[in-house]
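Read left to right, the sequence shown gives residues -16 to 310 (our numbering). Below is one structure, written out as structure tokens; the observations come after it.
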Amino acid sequence: MTTSSPGWGILGAGGIAGAFARDLATAGMRTVAVGSRDGERAREFAERHGIPNAHAGYEGLVNDPEVDIIYVATPHSHHREHALLAIEAGKHVLVEKAFTTNGDDAQALVEAARAKGVFAMEAMWTRFLPTMVAVRERIAAGDLGEVLSVQADHSQMLDLSPGSRLIEAALGGGALLDLGVYCVSLAHAILGPVTRIKASGVVDGFGVDHRGSAILEHANGGISTHTFSMMTLGSNRATIAGTDGVIELDPAFYAWTRYRRRHASAHSTAVEEFEPELVGRGMQFQAAEVERCIAEGRLESELMPLDETVAIMRVMDGITERMRSGA
């Protein structure tokens, strides 16, 4: 690293990149460069967020000696290409979720990072929020007993007008990659590997899913159910249930949110209510995890392991296959 505090480079200058830049600034982390295919857009982004270096194109960004870590914030369809570009330049990478568009691409990224000896992680920021830290603590303490069920909905009314990235197959559009990934990742984190997939959905003529649902069976005997849509607003809640209790996550379950914990025998009475203190959007916690791991010489996070990211993408492949086939 160039200093005791690593320098972040942001690859892409869209909305999610801006949110990430703001949260890094909130946490006092150093963003030293941004790169965009459009040089003027990069310069405007840099000026807006107080970033010292702006690069026209991505080669300059990944070869910037001030940059230690690259946050890849381009569309899903370009994650593999752009993450590989950073990895080959010897940079650590945090790749926006979904990590790639399919399991094979995810595996290729993991193998490249390991071969190069750089840190890599999927930017599933939800896992690092104080809410989910508290949820994991409750589960580890045995407060829910044996956890056997996760239910999650992520449904929003998004921009599906002509030209929107969300309905472009070539850009990795679709409700599952943008929204359903949060549900699948939550269930995988809580219940473990998936052994069986059932799914259905509404898929257009270009192969882009607009809404869908899935039932997953897990190796621990648990079952998770998921709904996701970019056509309708849903509850955006999640429930984690065990033999001794249940945790109910308020909307939006994947962001800064409250939860209530109840005993299994007295569902109407909360025994605990958790409400986090809001600070920004919350993307700074995953960035802090990246910096911690790198400082400790780790090449991946135990909270978001690379093999789990690949496994989740394989599950997403299975859901997509079933939605498209109608099986």
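By construction, the Cβ of each residue, glycine as well, lies at the ideal position given by its N, Cα and C atoms. Nothing here was measured: the structure is a model prediction, and the numbers come from that model.
Using the three-state DSSP reduction, which class does K74 fall into: helix, strand or coil?
Of the three classes helix, strand and coil, the one that applies to K74 here is coil, per DSSP.
Using the three-state DSSP reduction, which class does D161 fall into: helix, strand or coil?
Correct three-state label for D161: helix.
Could you compute how far the alpha carbon of F28 sits from the alpha carbon of I34?
One C-alpha to the other measures close to 8 Å.
What are the uninterrupted segments assigned as beta strand (DSSP E) that are 3 or more residues long and contained completely in the region 164 to 252, given in chain order?
Runs of the beta strand (DSSP E) inside the region 164 to 252: 177 to 186, 192 to 201, 206 to 212, 221 to 225, 228 to 232 and 242 to 246.
Mapping DSSP to helix, strand and coil, what is M140?
Of the three classes helix, strand and coil, the one that applies to M140 here is coil, per DSSP.
Mapping DSSP to helix, strand and coil, what is F102?
The answer is coil: DSSP assigns F102 none of H, G, I, E or B.
Helix, strand or coil: which one does DSSP assign to A(-4)?
Three-state DSSP puts A(-4) in coil, outside helix and strand.
Strictly by DSSP, which residues pair up with E256?
Looking at the DSSP assignment, E256 forms a beta bridge with R243.
Considering only C-alpha positions, which residue in the set V293, R275, W239 and A72 is nearest to P176?
Comparing Cα-Cα distances from P176 to each of V293, R275, W239 and A72, the minimum goes to V293.
My output table needs one value for M(-16): the three-state DSSP class, helix, strand or coil.
Unreliable positioning characterises M(-16) in this predicted model, as indicated by a pLDDT of 42, which lies under 50. The coordinate reading is nonetheless provided below. M(-16): coil per DSSP, three-state reduction.
Please classify T(-14) as buried or exposed, where buried requires at least 16 other C-beta atoms within 10 Å of its C-beta.
Bear in mind that a pLDDT of 49 at T(-14), under 50, signals an unreliable position, so the model cannot answer this.
Does the pairing of the region 128 to 145 with the region 106 to 115 give three or more beta-carbon distances under 8 Å?
Result no; under three Cβ-Cβ pairs closer than 8 Å.
Considering only residues of the same chain and omitting the five flanking positions on each side of V229, which have a CB-CB separation below 8 Å?
Closer than 8 Å at the Cβ level, and outside the excluded window around V229, lie L127, T222, I223, R244, R245, A247 and H250.
Could you give the distance in angstroms between the alpha-carbon of V78 and the alpha-carbon of T57?
Straight-line Cα distance between these residues: approximately 9 Å.
Would you decide whether T83 is buried or exposed? Buried here means 16 or more other CB atoms lie within 10 Å of its CB.
Counting Cβ neighbours within 10 Å, T83 comes out buried, since at least 16 surround it.
Leaving out the 5 sequence neighbours to the left and right, which residues in its chain are closer than 8 Å to L216 when beta-carbon positions are compared?
For L216, where only same-chain residues beyond five positions count, the Cβ hits under 8 Å are S138, Q139 and M140.
By the DSSP assignment, the beta strand (DSSP E) with R24 in it spans what residues?
No beta strand (DSSP E) contains R24, which is instead part of the alpha helix (DSSP H) from G22 to H32.
Please classify T240 as buried or exposed, where buried requires at least 16 other C-beta atoms within 10 Å of its C-beta.
Per the 10 Å Cβ criterion, buried.
Identify whether L127 lies in helix, strand or coil by the three-state DSSP scheme.
The answer is coil: DSSP assigns L127 none of H, G, I, E or B.
So, for D88: in the same chain, excluding its five sequence neighbours on each side, which residues have a beta-carbon less than 7 Å away from its beta-carbon?
The residues are R63.
Given that a residue counts as buried once 16 or more other Cβ atoms are within 10 Å of its Cβ, and exposed if not, what is S144?
Flag for S144 reads exposed.
Just to confirm the assignment, what range does the alpha helix (DSSP H) spanning T292 have?
Its alpha helix (DSSP H) spans residues L289 to S308.
Between which residues of its own chain and K181 is the CB-CB distance below 6 Å, once the five residues before and five after are set aside?
Taken in chain order, the residues that qualify are I198.
Measure from the alpha carbon of P321 to the alpha carbon of each residue in N36, L289 and R24, then state which is nearest.
A question about residue 321 goes unanswered here, because the residues of the chain that appear run from -16 up to 310.
Look at I277 and H75 and say whether their C-beta atoms are less than 8 Å apart.
In this structure, H75 lies closer than 8 Å to I277 by Cβ.
For the alpha helix (DSSP H) that contains V317, what are its first and last residues?
No information on residue 317 is available, as it lies outside the stretch -16 to 310 that the chain covers here.
Thinking C-alpha only, which one of E258, T178 and V133 is nearest I302?
Cα-wise, what sits closest to I302 is T178.
By Cβ distance, which residues of its chain are closer than 6 Å to V164, with the 5 residues on each side in sequence left out?
If we look at V164 and ignore the five residues flanking it on each side, its Cβ neighbours are K80 and A81.
Any contact between the region 146 to 156 and the region 190 to 208? By contact I mean 3 or more CB pairs, one from each, below 8 Å.
Judged by Cβ distances under 8 Å, the region 146 to 156 makes contact with the region 190 to 208, as three or more pairs qualify.
Report buried or exposed for E71, applying the criterion of at least 16 other Cβ atoms within 10 angstroms of its Cβ.
When all chains shown are included, E71 counts as exposed.
Do S19 and A(-4) have their CB atoms nearer than 8 Å?
Yes; because the gap between Cβ atoms is below 8 Å, this pair is in contact.
In its own chain, which residues sit with a C-beta less than 7 Å from the C-beta of S(-12), not counting the 5 before and 5 after it?
R13, listed in sequence order.
What residues match up with H38 in a beta bridge as DSSP calls it?
Answer is G18.
At the level of alpha carbons, what is the spacing between R26 and W(-9)?
Each residue's Cα considered, the two are about 16 Å apart.
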